[in-house]
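Chains A and B, in that order, give the protein sequences. The opening residue of the first sequence carries number 0 in numbering that gives the first Met the number 0; numbering runs sequentially from there. The opening residue of the second sequence carries number 0 in numbering that gives the first Met the number 0; numbering runs sequentially from there. Even for Gly, the Cβ is constructed at its ideal location relative to N, Cα and C. Please read these numbers as outputs of a predicted model, since none were measured by experiment. What follows is a set of notes on a single structure, which appears directly below.
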Amino acid sequence: MKVYSNILEMVGRTPMLEVTRMDTGPCRLFLKLELMNPAGSIKDRIGISMIEEAERRGDLKPGDTIVEATAGNTGLGLALVAAQKGYHLVLVLPDKMSQEKIFNLRAMGADVVLTRSDVAKGHPEYYQDLGRRLAEEQGAYFINQFGNPDNPLAHARTTAPEILEQMEGDVDAIVLGVGSSGTVTGICEFLNANAPEVDLILADPVGSILAEYINTGKLNDKSSSWLVEGIGEDFIPSIADFSRVTKAYSISDAESFATARELLRTEGLLAGSSSGTLIAAALRYCREQTEPKRVVSFACDTGNKYLSKLYNDFWMEDQGFIERERCGDLRDLIGRPHAEHATITVGPRDVLTTAHNRLRNAGFSQLPVMDGDRLVGVVTEETIIKHVFGRPELMNSPVEEAMQSAFIKLDKDTSVNNLVAMLQVQPYAAIVDGETFLGLITRSDVLNYLRRQI
Amino acid sequence: MRVYSNILDMVGRTPMLEITRLDTGPCRLFLKLEMMNPGGSIKDRIGMAMIEEAERRGELTPGDTILEATSGNTGIALALVAAQKGYRLVLVIPDKMSPEKINNLRAMGAEIVLTRSDVNRGHPEYYIDLGERLAKEQGAYLVDQFSNPDNPLAHEQTTMPEILEQLGGEVDAIVMGAGSSGTIAGICNYLEKHPHEVEVVLADPVGSILAAYAETGERGEKTAGWLVEGIGKDFIPSITNFSKVTKAYTIGDAEAFNTGRELLRAEGLLAGSSSGALLAAALRYCREQTEPKRVVTFACDTGNKYLSKHLNDSWMEDHGFIARERFGDLRDLIGRPYGANGTVTVGPDDILTTAYNRLRIADYSHLPVMDGDRLVGVVSGDAILEHMYDDPGRAQAPVRDAMEREFETLDSKEPVPELLARLKTRKYVAIAAGDAFLGLVTRADALSYLRRQS
Numbered sequence: 000m001k002v003y004s005n006i007l008e009m010v011g012r013t014p015m016l017e018v019t020r021m022d023t024g025p026c027r028l029f030l031k032l033e034l035m036n037p038a039g040s041i042k043d044r045i046g047i048s049m050i051e052e053a054e055r056r057g058d059l060k061p062g063d064t065i066v067e068a069t070a071g072n073t074g075l076g077l078a079l080v081a082a083q084k085g086y087h088l089v090l091v092l093p094d095k096m097s098q099e100k101i102f103n104l105r106a107m108g109a110d111v112v113l114t115r116s117d118v119a120k121g122h123p124e125y126y127q128d129l130g131r132r133l134a135e136e137q138g139a140y141f142i143n144q145f146g147n148p149d150n151p152l153a154h155a156r157t158t159a160p161e162i163l164e165q166m167e168g169d170v171d172a173i174v175l176g177v178g179s180s181g182t183v184t185g186i187c188e189f190l191n192a193n194a195p196e197v198d199l200i201l202a203d204p205v206g207s208i209l210a211e212y213i214n215t216g217k218l219n220d221k222s223s224s225w226l227v228e229g230i231g232e233d234f235i236p237s238i239a240d241f242s243r244v245t246k247a248y249s250i251s252d253a254e255s256f257a258t259a260r261e262l263l264r265t266e267g268l269l270a271g272s273s274s275g276t277l278i279a280a281a282l283r284y285c286r287e288q289t290e291p292k293r294v295v296s297f298a299c300d301t302g303n304k305y306l307s308k309l310y311n312d313f314w315m316e317d318q319g320f321i322e323r324e325r326c327g328d329l330r331d332l333i334g335r336p337h338a339e340h341a342t343i344t345v346g347p348r349d350v351l352t353t354a355h356n357r358l359r360n361a362g363f364s365q366l367p368v369m370d371g372d373r374l375v376g377v378v379t380e381e382t383i384i385k386h387v388f389g390r391p392e393l394m395n396s397p398v399e400e401a402m403q404s405a406f407i408k409l410d411k412d413t414s415v416n417n418l419v420a421m422l423q424v425q426p427y428a429a430i431v432d433g434e435t436f437l438g439l440i441t442r443s444d445v446l447n448y449l450r451r452q453i
Numbered sequence: 000m001r002v003y004s005n006i007l008d009m010v011g012r013t014p015m016l017e018i019t020r021l022d023t024g025p026c027r028l029f030l031k032l033e034m035m036n037p038g039g040s041i042k043d044r045i046g047m048a049m050i051e052e053a054e055r056r057g058e059l060t061p062g063d064t065i066l067e068a069t070s071g072n073t074g075i076a077l078a079l080v081a082a083q084k085g086y087r088l089v090l091v092i093p094d095k096m097s098p099e100k101i102n103n104l105r106a107m108g109a110e111i112v113l114t115r116s117d118v119n120r121g122h123p124e125y126y127i128d129l130g131e132r133l134a135k136e137q138g139a140y141l142v143d144q145f146s147n148p149d150n151p152l153a154h155e156q157t158t159m160p161e162i163l164e165q166l167g168g169e170v171d172a173i174v175m176g177a178g179s180s181g182t183i184a185g186i187c188n189y190l191e192k193h194p195h196e197v198e199v200v201l202a203d204p205v206g207s208i209l210a211a212y213a214e215t216g217e218r219g220e221k222t223a224g225w226l227v228e229g230i231g232k233d234f235i236p237s238i239t240n241f242s243k244v245t246k247a248y249t250i251g252d253a254e255a256f257n258t259g260r261e262l263l264r265a266e267g268l269l270a271g272s273s274s275g276a277l278l279a280a281a282l283r284y285c286r287e288q289t290e291p292k293r294v295v296t297f298a299c300d301t302g303n304k305y306l307s308k309h310l311n312d313s314w315m316e317d318h319g320f321i322a323r324e325r326f327g328d329l330r331d332l333i334g335r336p337y338g339a340n341g342t343v344t345v346g347p348d349d350i351l352t353t354a355y356n357r358l359r360i361a362d363y364s365h366l367p368v369m370d371g372d373r374l375v376g377v378v379s380g381d382a383i384l385e386h387m388y389d390d391p392g393r394a395q396a397p398v399r400d401a402m403e404r405e406f407e408t409l410d411s412k413e414p415v416p417e418l419l420a421r422l423k424t425r426k427y428v429a430i431a432a433g434d435a436f437l438g439l440v441t442r443a444d445a446l447s448y449l450r451r452q453s
């Protein structure tokens with residue numbers, strides 16, 4: 000139980016957890032818990048080394064501006080270090096990033112510049128090109144983790160020796176993913192000098208070009224996109240050293256997400272999507288072995304950032320990764336079934352502020368108004384605003400005064416074609432079975448349903 | 000760097016971080032980092048104790064059902080322990096809980112029963128009453144942290160001895176909050192058995208009845224609601240022991256949230272809202288001292304769950320906890336100002352899927368369509384869905400096909416009533432200064448503005 004006087008002392012020296020409740024074949028599998036780093040990921044290590052090495056060379060001194068283009072945890076790692084050391088940090092992010100990540104970075108004191116996420120390398124608004132240009136314009140230090148040798152250095156100096164120390168020198172294989180390629184390159188370098196018998200195994204998302212490059216030497220174009228965050232590439236980063244990688248596994252989004260969920264359910268560890276990919280590959284490797292081996296992989300980042308994605312059953316259904324039981328009627332289109340306690344509802348005598356807060360919290364566009372078990376109305380942000388417009392004190396009036404009580408009500412056995420026709424008129428319909436309310440179907444529920452049919 | 004074989008071994012023995020960048024007067028202030036527990040909060044300790052003590056008494060054996068009514072971290076902790084030990088866990092939760100927390104609990108294997116959050120103790124659907132009834136019906140073990148002596152026991156046996164060990168026995172004061180009151184009761188129980196010159200200081204939200212009860216023994220009525228989560232109460236839990244409390248501070252939401260943000264900015268620590276309240280009280284206590292003292296408080300839970308709340312500038316503004324720069328013109332009404340790359344926008348030739356995903360991720364109702372620096376249209380989620388509705392293939396169509404071109408633009412110097420009048424017939428108005436687009440004002444923005452004014 001240490002007492003630290005600065006949070007940067009808490010970076011690195013992460014514990015390990017042995018996987019004991021999943022099938023590891025004849026092997027023992029250990030996870031290095033990088034999610035225990037103070038900003039929640041393995042990138043804290045490179046945040047420190049990329050700044051401290053630049054300081055040592057005289058390229059940076061407190062008060063300077065640091066710029067990086069990043070879509071992920073590197074931004075958090077840099078923000079942590081920059082704030083503690085007194086640097087101004089500008090992060091260029093593609094605008095597909097979740098609001099939560101942006102809030103987190105801003106709250107840590109970083110300046111966030113959003114740019115387009117729909118343009119490719121070479122376009123002036125592509126986040127990496129824009130980052131490089133802003134750094135030049137502002138005379139700032141451009142971190143560029145993909146080409147920065149201080150990135151692998153962190154892993155050569157800390158991650159790899161820690162693993163050897165924790166495993167008491169007895170390691171047969173390390174399974175890792177590649178984004179910037181800092182981890183693989185740094186670990187390669189350390190193993191070459193200190194433990195040449197250890198195999199490196201790559202876990203790569205389906206669609207990324209890296210697995211095929213390792214297994215066959217062929218460099219193809221990116222074949223499809225993937226949803227797992229932080230690993231996989233469509234180019235070979237300039238710092239990459241794959242010389243010790245003996246095997247690569249291509250892991251689909253579905254397998255990655257299912258593995259992360261299983262890790263939480265069985266071992267209790269809440270890790271991010273890339274950890275799911277790594278552990279899926281590690282489990283495949285372990286089960287293929289005929290001799291007992293000691294295998295290490297990583298829990299790269301905390302799963303707290305993914306609660307509305309891979310840990311959300313409805314998101315998993317919407318994406319087609321988990322199948323809901325099919326009823327063969329309109330129930331199959333209900334996004335949030337009432338009987339599964341999936342709906343958030345409001346009572347007719349609740350005040351509008353309550354309804355408004357619930358709508359905003361849940362990110363829904365409409366709430367069923369339930370009087371006991373009976374559906375008596377629907378309230379939308381629109382109806383609330385119309386009701387209170389110019390009379391904000393009416394936010395304290397009951398929901399029943401603002402709700403829509405005339406709404407489309409359809410029996411669950413109505414045809415999908417009829418439903419679609421009805422939804423031209425109103426943006427949602429209530430689905431009932433006799434007197435029982437089953438749930439709302441919105442236009443976006445129909446779109447999700449239609450997409451799944453294709 | 001330990002190697003664990005079960006995640007439950009990682010509960011407790013948390014490190015401390017000394018506060019060095021905030022004004023602590025003549026004192027030294029140490030935070031016990033309970034957020035480092037594997038479930039992310041101090042409640043992991045009681046999750047262990049309340050289950051293991053029941054096992055020891057023979058009241059629980061693996062396979063049994065455990066039931067608890069909880070709106071917070073206790074649910075996560077119980078889910079962690081129940082899954083590892085092979086219990087079925089049912090959690091009764093008020094429906095104001097954030098969907099992220101519910102996703103987290105479900106993904107850990109807990110069964111969730113949502114109930115109404117708008118009813119009080121005594122109502123059959125109040126979460127605690129419903130929990131008691133379901134436990135009886137199902138023959139389940141009801142944990143009931145508010146009256147369970149194994150809750151304070153966890154802190155008596157682990158939290159307090161750890162603090163003394165970490166600080167070499169030299170502790171002058173401990174500042175803490177009370178929800179179930181397990182922490183404070185456990186620490187008071189410890190001090191009754193092992194006398195020590197330690198002051199116990201309570202941090203309580205404004206509106207809660209505990210501060211007055213601790214200082215005067217009076218059981219008052221709750222005077223107001225508060226937004227800080229997990230501390231403060233409107234009743235006195237039966238396990239309470241405030242015998243060693245020498246002082247209590249009441250902390251308002253604004254102070255708690257701002258202190259939580261300050262902690263992240265200054266010390267780099269991402270903690271929850273209750274930690275903000277505790278730290279605010281601890282800082283007040285420290286600054287009031289005339290002698291140097293060694294003071295301990297807690298970072299009770301991780302701030303990852305609060306990124307869309309107090310760590311979100313817009314949420315803080317909407318609740319009036321931070322004031323945005325005021326211009327005295329229509330710019331004050333713009334929800335998400337354009338410029339400084341702060342606003343999410345879309346281009347006319349982007350495809351509708353891109354626009355729809357951006358709207359959803361940013362939780363906006365409308366996106367400005369920008370051709371370079373020129374506003375050429377506005378696109379809403381409804382407009383996109385309507386456009387794609389008959390033909391999901393139109394998801395690939397350009398934004399220009401679905402955007403509204405006929406929008407109204409007002410100069411930022413126009414009077415507010417003029418804008419409000421336009422919003423009676425329109426969902427949004429674009430605000431400009433000369434040719435420069437400044438942002439959209441939606442009806443929801445106008446409503447937030449009016450709520451702030453009233």
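Looking at residue i: is its Cβ nearer than 9 Å to the Cβ of residue j?
| i | j | result |
| --- | --- | --- |
| residue 176 of chain A | residue 213 of chain A | no |
| residue 430 of chain B | residue 335 of chain B | no |
| residue 259 of chain B | residue 305 of chain B | yes |
| residue 376 of chain B | residue 347 of chain B | yes |
| residue 102 of chain A | residue 374 of chain B | no |
| residue 328 of chain B | residue 321 of chain B | no |
| residue 228 of chain A | residue 273 of chain A | yes |
| residue 64 of chain A | residue 79 of chain A | no |
| residue 199 of chain A | residue 172 of chain A | yes |
| residue 183 of chain B | residue 239 of chain B | yes |
| residue 75 of chain A | residue 142 of chain A | no |
| residue 368 of chain B | residue 343 of chain B | no |
Can you list, in chain order, the residues of its chain with a C-beta nearer than 7 Å to that of residue i? Leave out the 5 residues immediately preceding and following it.
| i | result |
| --- | --- |
| residue 61 of chain A | 84, 85 and 86 |
| residue 363 of chain A | 343 |
For residue i, which residues of its own chain have a beta-carbon under 6 Å away from its beta-carbon, when the five flanking residues on both sides are left out?
| i | result |
| --- | --- |
| residue 182 of chain A | 154 and 175 |
| residue 43 of chain B | 10, 36 and 76 |
| residue 186 of chain A | 154 and 159 |
| residue 432 of chain A | 411 |
| residue 406 of chain B | 377 and 429 |
Can you give the beta carbon distance from residue i to residue j, rounded, assuming they're within the 8 Å contact cut?
| i | j | result |
| --- | --- | --- |
| residue 2 of chain B | residue 15 of chain A | 4 Å |
| residue 202 of chain B | residue 176 of chain B | 5 Å |
| residue 178 of chain A | residue 237 of chain A | Actually they are not in contact, since the Cβ atoms of residue 178 of chain A and residue 237 of chain A sit about 14 Å apart, beyond 8 Å. |
| residue 293 of chain A | residue 24 of chain A | About 13 Å; that fails the 8 Å criterion. |
| residue 369 of chain A | residue 353 of chain A | Not a contact, Cβ separation roughly 13 Å. |
| residue 30 of chain B | residue 21 of chain B | Contact flag wrong, Cβ pair sits at about 11 Å. |
| residue 220 of chain B | residue 208 of chain B | 7 Å |
Counting only beta-carbon atoms, is residue i nearer than 9 Å to chain A?
| i | result |
| --- | --- |
| residue 23 of chain B | no |
| residue 87 of chain B | no |
| residue 121 of chain B | no |
Ordered along the chain, which non-local residues of its own chain (more than five positions away) have a Cβ less than 8 Å from that of residue i?
| i | result |
| --- | --- |
| residue 386 of chain B | 351, 393, 396, 400 and 401 |
| residue 129 of chain A | 68, 91, 112, 114 and 123 |
| residue 428 of chain A | 406, 407, 408, 409, 418, 421, 422, 439 and 440 |
Is any beta-carbon of chain B found at less than 9 Å from that of residue i?
| i | result |
| --- | --- |
| residue 99 of chain A | yes |
| residue 137 of chain A | no |
Can we count residue i as close to the ligand HEM, meaning its CB is less than 8 Å from some heavy atom?
| i | result |
| --- | --- |
| residue 9 of chain A | Summarising the ligand content, the structure contains no ligands, and the ligand HEM is consequently not present. |
Is the segment 184 to 200 of chain B close to the segment 148 to 163 of chain B, with three or more CB pairs under 8 Å? yes
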